[in-house]
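Numbering (the numbering used here), first residue to last: 16 to 500.
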């Protein structure tokens with residue numbers, strides 16, 4: 016395997032693989048070697064003594080030892096190393112850590128005509144002083160080291176406890192100087208890149224003072240949290256925005272880390288993707304080099320943490336519609352009088368048959384009437400008597416069919432409901448007193464967003480609170496268009 020400067024690698028005894036660093040370390044975690052960054056490729060090569068084929072090379076790798084407070088470099092055979100394909104543990108944080116490419120950055124500012132000219136040492140020095148002095152940088156192993164976890168069993172109750180393993184977590188530093196580490200050849204003869212080292216400064220937690228070290232540019236990330244958004248007079252700081260939202264009643268629209276599709280019945284039905292969720296901000300935390308917000312997630316119905324990034328604030332009057340019970344307007348005293356619309360989103364408080372209480376967002380597919388004892392229902396509502404009018408005959412025919420589940424339309428005029436075999440059939444109207452019969456249950460067929468869009472049925476008499484969500488498809492399904500406040 017070929018290794019480049021700046022590649023994040025591990026010794027072959029390390030439990031991480033090239034593509035999987037999401038592994039918890041059990042046993043004696045101190046045996047786990049550090050993640051390292053390729054710092055130098057030496058001229059020494061390994062050759063097979065018989066075939067004389069090259070079988071490896073010596074690489075110099077650098078890592079930070081947080082117990083000694085020092086950067087350490089080790090020479091290791093490439094045959095003993097595994098390259099970590101993903102240098103950043105989570106996709107969302109890749110936009111915070113940037114490779115440093117001085118030549119590319121300088122050429123980006125030039126006109127097309129001047130890009131063909133060789134970059135001078137003076138241009139490089141001017142660019143570094145203008146764009147990197149006092150800027151935060153960190154060793155490229157930072158994100159994987161930050162999220163390296165160990166797992167142990169607690170002695171008292173035998174539970175598995177997960178904690179961070181931070182023995183080799185590199186510090187966040189600032190750039191205070193630079194130098195060419197080869198004064199004779201200041202540029203790479205193969206790639207033309209400047210052979211630079213940044214002089215970095217950080218607080219040394221072991222020595223309780225500030226330390227300085229020269230590190231090669233290829234081994235470092237530039238940190239840019241992107242907290243400043245907007246332009247000119249509209250420019251604002253996201254951290255200040257988040258602080259102002261703490262403990263407010265506002266919900267905010269953010270992208271889901273893992274979008275999901277709503278379950279559908281039938282092969283030819285188009286899929287609907289849920290891309291976003293709504294959150295309330297409760298607190299702000301700092302994790303080594305980035306900010307996180309502790310939030311209450313409406314779809315997950317639990318606390319979560321998100322990266323501080325751009326969000327959309329949603330005013331209450333644009334989010335919430337009708338509700339049950341509506342104590343403010345003294346309406347909707349009966350759950351059966353609440354109007355559900357197919358394709359609309361609702362936030363409900365629900366207790367199942369085991370009296371387990373939960374809150375969840377649902378998308379209504381259909382409202383159905385389930386009859387457990389059709390003969391008793393037909394007898395009790397007088398459909399066995401003679402003579403019957405045409406409407407009663409149609410209702411009896413529907414209830415006498417092979418089905419136990421029927422489509423129903425609630426909240427019609429004059430305390431009536433509409434019943435049909437399915438939503439495509441013509442409905443027959445009858446008094447809403449049928450809803451209170453012991454053999455009848457009203458069910459909502461929904462896509463439950465708490466269950467990743469799976470189809471779930473909810474008893475209407477198990478719902479204690481309902482809030483309709485205005486324009487729910489815009490909030491949950493559509494691409495987010497961020498607006499300035």
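No residue lacks a Cβ here, since even glycine has one placed at the ideal position from N, Cα and C.
Classify residue 412 as buried or exposed, calling it buried when 16 or more other Cβ atoms lie within 10 Å of its own Cβ. Counting every other CB atom within 10 Å of its CB across the protein chains shown gives residue 412 a total below 16, marking it as exposed.
Could you give the distance in angstroms between the alpha-carbon of residue 193 and the alpha-carbon of residue 145? Rounded to whole angstroms, residue 193 to residue 145 spans 13 Å at the Cα level.
How is the beta strand (DSSP E) around residue 122 delimited, first residue to last? Not the beta strand (DSSP E): residue 122 falls in the alpha helix (DSSP H), residues 117–123.
So the alpha helix (DSSP H) residue 407 belongs to, where does it begin and stop? Start and end: 405–414.
What is the residue span of the alpha helix (DSSP H) that residue 253 lies within? Element bounds for residue 253: 253–260.
Tell me the rounded alpha-carbon separation between residue 17 and residue 134. Their backbone Cα atoms lie some 28 Å apart in a straight line.
So, using beta-carbon positions, are residue 349 and residue 383 closer together than 8 Å? In this structure, the beta-carbon distance from residue 349 to residue 383 does not fall below 8 Å.
Assuming residue 286 contacts residue 273 (C-beta within less than 8 Å), just tell me the rounded distance between them. About 15 Å separates the two Cβ atoms, so there is no contact after all.
What did DSSP end up calling residue 502 once you bin it into helix, strand or coil? The structure shown has nothing for residue 502, since the chain only spans 16 to 500.
In whole angstroms, what separates the C-alpha of residue 288 from that of residue 280? As the crow flies, the alpha-carbon of residue 288 is around 15 Å from that of residue 280.
I'd like the ranges of any beta strand (DSSP E) spanning at least 3 consecutive residues and lying wholly in the region 302–342. Correct list: 305–312, 317–322, 327–329, 335–339.
List the DSSP bridge partners of residue 209. Beta-bridge partners assigned by DSSP to residue 209: 202.
Going by DSSP, what residue range makes up the beta strand (DSSP E) through residue 372? First-last of the beta strand (DSSP E) with residue 372: 372–386.
Rounded to a whole number of angstroms, what is the C-alpha to C-alpha distance between residue 358 and residue 38? If you take the alpha carbons of residue 358 and residue 38, they lie about 41 Å apart.
Cβ distance (whole Å) where residue 154 is taken to contact residue 166 below 8 Å: At roughly 25 Å, the Cβ-Cβ gap does not stay under 8 Å, so residue 154 and residue 166 are not in contact.
Please list the segments of the beta strand (DSSP E) lying wholly inside the region 406–490, counting only runs of 3 or more residues, in order along the chain. For secondary structure counted as the beta strand (DSSP E) over 3 or more consecutive residues, the region 406–490 holds these complete runs in sequence order: 420–424, 431–435, 443–446, 455–463, 469–474, 478–484.
Kindly list the residues whose CB is nearer than 7 Å to the CB of residue 326, restricted to its own chain and excluding five residues on each side of it in sequence; keep chain order. Answer for residue 326: 267, 268, 269, listed in chain order.
Run through DSSP, which three-state label would residue 176 get? Taken through DSSP and simplified to helix, strand or coil, residue 176 comes out as strand.
Exposed or buried, which one is residue 77 when buried takes at least 16 other CB atoms within 10 Å? Here residue 77 is buried: its Cβ has 16 or more other Cβ atoms, across all protein chains shown, within 10 Å.
Buried or exposed, going by whether 16 or more other CB atoms sit within 10 Å of the CB of residue 49? Buried, by the Cβ-count rule.
Mind reading off the beta-carbon distance from residue 420 to residue 385? Whole number of angstroms is fine, and I expect it under 8 Å. Confirmed, Cβ separation roughly 5 Å.
Can you tell me where the beta strand (DSSP E) holding residue 187 begins and where it ends? First-last for residue 187: undefined, no H or E at that position.
Just confirm the distance between the C-beta atoms of residue 410 and residue 436, as a whole number of angstroms; I'd bet it's less than 8 Å. Residue 410 to residue 436, Cβ: 11 Å. No contact.
Pairwise C-alpha distance: residue 75 and residue 30: Residue 30 and residue 75 have their C-alpha atoms some 21 Å from each other.
DSSP three-state call for residue 265: helix, strand or coil? Secondary structure at residue 265: coil, using DSSP grouped into helix, strand and coil.
Spatial distance of residue 473 from residue 460 (CA atoms): Looking at the two C-alpha atoms, the distance is approximately 7 Å.
Tell me the rounded alpha-carbon separation between residue 298 and residue 258. Near 8 Å, if we compare the C-alpha coordinates of residue 258 and residue 298.
From 90, 34, 32, 85, pick the residue whose C-alpha is nearest to that of residue 54; which is it? Closest in C-alpha terms to residue 54, from the list 90, 34, 32, 85, comes 90.
In terms of residues, what are the limits of the alpha helix (DSSP H) holding residue 391? Judged by DSSP secondary structure, residue 391 falls within the alpha helix (DSSP H) whose first and last residues are 389–395.
Taking Cβ positions, are residue 256 and residue 20 nearer each other than 8 Å? If you check the CB distance, residue 256 and residue 20 do not come in under 8 Å.
Alpha-carbon spacing of residue 260 relative to residue 309, whole angstroms: Looking at the two C-alpha atoms, the distance is approximately 12 Å.
Pull up the distance between the alpha-carbon of residue 429 and that of residue 316, whole angstroms please. Spanning the two alpha carbons is a distance of roughly 38 Å.
By Cβ distance below 8 Å, which residues in the same chain neighbour residue 334 in space, the five residues on each side in sequence not counted? If we look at residue 334 and ignore the five residues flanking it on each side, its Cβ neighbours are 266, 293, 484, 485, 490.
In this structure, how does DSSP classify residue 359 when only helix, strand and coil are distinguished? It is coil, neither helix nor strand.
Where residue 252 and residue 142 are concerned, what is the direct C-alpha to C-alpha distance, given to the nearest angstrom? Residue 252 and residue 142 have their C-alpha atoms some 26 Å from each other.
Are there 16 or more other CB atoms within 10 angstroms of the CB of residue 450, so buried, or fewer, so exposed? Looking at its Cβ environment, which holds 16 or more other Cβ atoms inside 10 Å, residue 450 is buried.
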